[in-house]
Each structure stands twice: as C-alpha cells, then as structure tokens.
C-alpha cells in the first residue's frame, strides 16, 4: 500500500529558483493538504483541496501555488524560492475534511534554500 | 484567531504514566485529533475525540471537555519507543481557510 507519496525527499535550491514538490495518494481521498513544519512552529497549513478542481489557501500561502487536476495528485509550486521557505514540507490526505477521518501524511520533503 | 496550547517538553520514566494536556480557543469545533511524530518522520494518527469523555486505545487514552476547551492524551506503561512529539489538532466546523489547526507539539522524552 503506497498511501501518500512525496517526491523528492530532499532538495537544495538557490534563492530565486522555482520548483514543484510532488504529492500523490492512491486512497481515492477527497481532501489533500500541504503543511510546512519549522522548529518551534508546529505544522502550518499552506494550501488545501477538498476535491479535484477546488483549492483554497491555508495560514501561510504566500509564495506557493497549488492545483488539483486529478483526485490523486496535489503538487505544490514554489514560485521564486526564498531562504524563509527552508522547511520540511508534508503532504496529507483524508477521506473528507468534515468527518472523523484522520489525515495520512507523506514522509516529507526536506527543502533548503541557499 | 485560532489558538492551541501544549507544553513544549515533558520527561517521564519508563513504565510510568504521563498526561499531555492541550487547550484550545478556536472559532468553531468539530473534533480533536492527537498525532504522534518521531524525530525525522511523518505524523501518525493516534486518536480522535468529538464528544466529551474518554476514548481508550490500548496504552493510549484521550479525553475531551468541549466546555473547557481542553483535552489530554494519557500514555500508560511508558516505553522507550514512546519518545516522540505529540501533536494536538482541532478540526473547525466550517472550512474557512484552516480546516485543521495544529498545536506546536509536545516533545516527550522517556528515560530509563
């Protein structure tokens, strides 16, 4: 069972570069989300989607774009990387956002911006 | 705004019982989750409470009081492998822009 798959696991970028973090789930989950986790800050929601074609902003959306063209995939794009975006990024999915279904997390992408 | 508070760090002895508290002040409430996160790994689901009372799952129990905006996670018969961060998360009633809000987590160290 693959669950939630994130690629890459590690990435180093230079300031100003752009890149896409990939996230795919094979559980036919409606709800997908992206978090960043920084020391002392906990998990903060960047963007989320309640279904294909529907996305919305979380707490810290600036500098990031998302799209949800299929149920399975929810890529996160960094438009112009900044050192403040150095973080661990987690993608998560759940059957529905309005239920008791827990979120399943991917293994994370560790991103460093130089 | 949404506010979820947890102690930053706790230390407990192997074989003992530890209680990790979580208080929340949020605009709406539709359930509270507890997750466990080992260092360098992804969070994994432990428990869910939406009604007041205690939910028990083996060595782990979680309690909720909605009127007090309070929850705790109780870990019994502590083992070294329980050393991890424990995250409290509140699901809001309406989506808004933050359907699930996480606390900053409590780092638990289990010592021999």
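Chains as they are written, first to last, in this note's numbering: chain A, 312 to 425; chain B, 2 to 113.
Glycine included, each C-beta is placed from N, C-alpha and C at the ideal position.
Only a predicted model underlies this, so the values are computations on that prediction, with no experimental measurement involved.
May I have the straight-line CA-CA distance separating residue i from residue j, to the nearest angstrom?
i              : j              : result
residue 324(A) : residue 54(B)  : 48 Å
residue 425(A) : residue 318(A) : 20 Å
residue 413(A) : residue 90(B)  : 10 Å
residue 105(B) : residue 88(B)  : 7 Å
residue 68(B)  : residue 398(A) : 36 Å
residue 97(B)  : residue 56(B)  : With a pLDDT of 47 at residue 97(B), under the threshold of 50, the modelled position of this residue cannot be trusted; read the value that follows with caution. Taking the straight line from one Cα to the other gives about 28 Å.
Spatial neighbours of residue i within its chain, please: C-beta separation below 6 Å, excluding the five flanking residues on both sides.
i              : result
residue 77(B)  : 18 and 60
residue 327(A) : 391
residue 108(B) : 10 and 86
residue 6(B)   : 24
residue 51(B)  : 32
Excluding the five sequence neighbours on either side, which residues of its own chain have a C-beta within less than 8 Å of the C-beta of residue i, listed in chain order?
i              : result
residue 366(A) : 358, 359, 360, 377, 378 and 379
residue 356(A) : 344, 345, 346, 369, 370 and 371
residue 93(B)  : 3, 27, 28, 29, 30, 31, 99, 100, 101 and 102
residue 415(A) : 314, 315, 336, 338, 340, 403, 404 and 405
residue 45(B)  : 36, 37 and 38
Given residue i, which residues of its chain have a CB within under 7 Å of its CB, disregarding the five upstream and five downstream residues?
i              : result
residue 66(B)  : 53
residue 340(A) : 404, 405 and 406
Are any of the Cβ atoms in chain C nearer than 8 Å to that of residue i?
i             : result
residue 34(B) : The structure shown contains no chain C; the protein chains it does contain are A and B.
From the DSSP output, read off the bridge partner residues of residue i.
i              : result
residue 129(B) : Residue numbering for chain B in the displayed model covers 2 to 113; residue 129(B) lies beyond these limits and cannot be assessed.
residue 385(A) : Note: residue 385(A) sits in no beta bridge, so no partner.
residue 81(B)  : Beta-bridge pairing links residue 81(B) to no other residue.
residue 353(A) : 349(A)
residue 425(A) : Residue 425(A) pairs with nothing; no bridge assigned.
residue 316(A) : 335(A)
residue 14(B)  : 112(B)
residue 38(B)  : 86(B)
Can you have a look at residue i and say buried or exposed, based on whether 16 or more other CB atoms are within 10 angstroms of its CB?
i              : result
residue 58(B)  : exposed
residue 21(B)  : buried
residue 313(A) : exposed
residue 64(B)  : buried
residue 38(B)  : buried
residue 72(B)  : buried
residue 420(A) : buried
residue 48(B)  : buried
residue 353(A) : buried
residue 385(A) : buried
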